[in-house]
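Residue numbers (the numbering used here): 182 to 540.
All C-beta atoms in this analysis are idealised placements derived from N, C-alpha and C, irrespective of residue type, glycine included.
Fair warning: this is a prediction, and the values are worked out from it, not measured in the lab.
Okay, structure first, notes after.
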Ligand SMILES: *Cc1c(COP(=O)(O)O)cnc(C)c1O
């Protein structure tokens with residue numbers, strides 16, 4: 182096998198080796214069909230089998246109730262930033278948004294094109310290093326939007342925010358399926374696949390049926406959720422390869438014991454790294470301890486030159502993708518579902534050596 186290094190990339194990100202191996206085998210011919218997975222018609226029996234199984238696994242793993250639709254769309258989470266308000270928010274209406282990072286800000290900017298947005302909680306004044314504790318939700322908001330995990334700033338909601346009527350819309354791109362999900366607290370959950378679910382190019386949307394029904398009918402067909410709900414994401418050609426990889430990832434998650442088991446292993450991986458950071462004299466985490474993410478661990482040395490030297494040495498040591506986002510600087514270790522505990526140990530070994538050399 183080609184040798185693989187430890188990939189800490191924030192997204193697209195590491196996938197399970199078992200998934201990649203199986204996909205490789207099916208690229209040339211899916212099962213005994215004699216046709217590769219990418220070459221099958223989306224309306225043919227072989228792909229429909231994959232599709233139905235993928236949806237069923239998704240529902241089973243996350244416990245998605247029957248009154249929710251599971252959609253496999255395109256355009257990434259960024260397309261959901263505007264599709265949600267375009268469907269559900271009119272000029273005379275308001276929505277509440279929690280602003281916990283760059284992605285949340287982008288969602289707000291798009292939503293403002295359609296209605297009035299109340300920022301009901303923000304951690305921007307401290308460069309998004311924490312999750313706001315007591316948002317001031319309004320009563321007239323059509324929905325409340327939040328970002329469950331802030332990929333760039335390394336913070337994460339421990340639980341969904343508690344609003345009066347519980348009409349939540351969540352951008353779950355970077356922690357979806359990393360722990361059990363309280364689906365019924367949400368009207369809509371969306372996530373680009375490329376962090377925890379598969380390759381880029383497919384976006385998972387879980388949406389409650391009453392919301393599908395109430396969406397605007399005055400939009401291009403492709404931008405209405407009802408179109409995709411009615412046609413099981415096959416109004417046009419869906420991202421077939423991405424759905425197939427998601428299918429394999431879901432099977433892998435099931436083999437790991439499901440979302441509760443993944444949460445345990447994700448928590449253990451992140452805790453190991455946070456424990457190291459907390460006792461380190463050189464490195465420190467950038468997120469407040471009570472807001473820390475299990476998925477993206479952000480840290481710095483406090484010296485830009487030293488950060489640069491650390492990153493250079495990391496690449497040489499086979500630890501890839503550790504450079505923090507430019508808006509935070511420093512380092513970011515993304516520890517998604519498929520990232521192995523051995524990679525965390527390798528990182529800590531390297532950090533320890535680096536610290537020894539820079540006393
Ligand atoms: C990566 C990411 C996005 C952007 O997703 P695209 O699929 O590239 O549009 C949005 N929100 C969060 C929280 C992310 O991590």
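message: Between which two residues does the alpha helix (DSSP H) holding residue 509 run?
response: Per DSSP, residue 509 belongs to no alpha helix (DSSP H) and is neither H nor E.
message: Buried or exposed, going by whether 16 or more other CB atoms sit within 10 Å of the CB of residue 428?
response: So residue 428 counts as buried.
query: Under the criterion of a Cβ to heavy atom distance below 7 angstroms, does residue 376 qualify as lining ligand 1?
result: Distance from the C-beta of residue 376 to the nearest heavy atom of ligand 1 is below 7 angstroms.
Check: residue 258 C-beta below 7 angstroms from any heavy atom of ligand 2: Ligand 2 is not among the ligands present in this structure, which contains only ligand 1.
- prompt: Are residue 300 and residue 319 closer than 8 angstroms when you measure CB to CB?
  reply: Contact flag unset, no.
- request: Indicate whether residue 414 and residue 194 have their beta-carbon atoms separated by less than 8 angstroms.
  value: The answer is no: Cβ separation not under 8 angstroms.
message: I want to check one thing, is the minimum distance from the CB of residue 284 to the heavy atoms of ligand 1 below 7 angstroms?
response: In this structure, ligand 1 has a non-hydrogen atom nearer than 7 angstroms to the beta-carbon of residue 284.
message: Tell me the residue span of the alpha helix (DSSP H) that contains residue 324.
response: Residue 324: not part of any alpha helix (DSSP H); DSSP gives it neither H nor E.
field: Close-in-space but distant-in-sequence residues of the same chain around residue 503 (CB under 7 angstroms, 5 per side omitted)
entry: The beta carbon of residue 503 lies closer than 7 angstroms to those of 189, 492, 495, 512, 513, 514 in the same chain, with the five residues before and after it left out.
query: Just to confirm, does residue 330 get its C-beta within under 7 angstroms of one of the non-hydrogen atoms of ligand 1?
result: Checking the Cβ of residue 330 against ligand 1 gives yes.
- prompt: Who pairs with residue 300 in a beta bridge, going by DSSP?
  reply: For residue 300, which the question treats as bridged, DSSP gives the partners 278.
query: What are the boundary residues of the alpha helix (DSSP H) that residue 457 is part of?
result: Run containing residue 457: 439-460, per the alpha helix (DSSP H) assignment.
- request: Count the other CB atoms, across all protein chains shown, that sit within 10 Å of the CB of residue 186; report buried if there are 16 or more and exposed otherwise.
  value: With fewer than 16 Cβ atoms within 10 Å of its Cβ, residue 186 is classed as exposed.
message: Using C-beta distances below 7 angstroms, list every residue in its chain close to residue 457, excluding the 5 sequence neighbours before and after it, in chain order.
response: Around residue 457: 529, 532.
For residue 200, the first and last residue of its enclosing alpha helix (DSSP H): Boundaries of the alpha helix (DSSP H) harbouring residue 200: 198-209, taken from the DSSP string.
field: Cβ pair residue 321, residue 275 closer than 8 angstroms
entry: Contact: yes.
- request: Would you kindly work out how many angstroms separate the C-alpha atoms of residue 337 and residue 196, rounded to a whole number?
  value: When rounded, the distance between both Cα atoms is 22 angstroms.
query: Hey, how far is the Cα of residue 354 from the Cα of residue 259?
result: Here the alpha carbon of residue 354 sits roughly 10 angstroms from the alpha carbon of residue 259.
query: Shortest alpha-carbon distance to residue 508 belongs to which of 333, 285, 459, 270?
result: Nearest C-alpha to residue 508: 333.
- request: Please list, in chain order, all residues of the same chain as residue 211 whose beta carbon is under 7 angstroms from its beta carbon, the five residues on each side excluded.
  value: Excluding sequence neighbours, residue 211 sits near 217, 218, 221, 227.
- request: Leaving out five residues on either side along the sequence, give the residues of the same chain with a beta carbon under 7 angstroms from the beta carbon of residue 499.
  value: In the same chain as residue 499, and ignoring 5 residues on each side of it, the C-beta atoms closer than 7 angstroms to its own belong to 186, 187, in chain order.
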